[in-house]
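For the sequence shown, our numbering gives the first residue as 1, with consecutive numbering after it.
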Amino acid sequence: MAENINIQMIDMDVMIPEQVVQNPDGSYTIFLNARLSHERHLETYAHAMNHILNHDFDKQDVQQIEYDAHKTGPMG
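This is the structure:
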């Protein structure tokens, strides 16, 4: 799975820690906010990976997806 995940550091509004995009080829790109600290990068990377590993891109209910992601915590 790791070879199918790209990570990009870009400047975003500080209210947006990360964004995950499923690419047309089935891979994923995680955009981390370059303005955040290294510690926040680790936290937001873990959050993004939870979405990928939980197959959240196949689900419809955003509220439930975020609830589950925060309930399980980083990477599990």
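Just so it is clear, CB atoms sit at the ideal spot from N, CA and C, and this is done for glycine as well.
Computed from a predicted structure; not experimentally measured.
- Closest option to Met12, judged by alpha-carbon separation, among Ile52, Asn50, Phe57, Leu36: Leu36.
- Secondary structure of Asn6 (DSSP, three-state): strand.
- Residue range 38 to 53 is occupied by the alpha helix (DSSP H) that includes Leu42.
- Per the C-alpha coordinates, the member of Asp25, His41, Asn54 positioned closest to Phe31 is His41.
- Secondary-structure assignment with DSSP links Phe31 through a beta bridge to Gln8, Gln19.
- Burial check for Pro17: the Cβ neighbour count within 10 Å reaches 16 or more, so the residue is buried.
- Looking at Asp56, Phe57, Gly26, the one whose alpha-carbon comes closest to that of Asn6 is Gly26.
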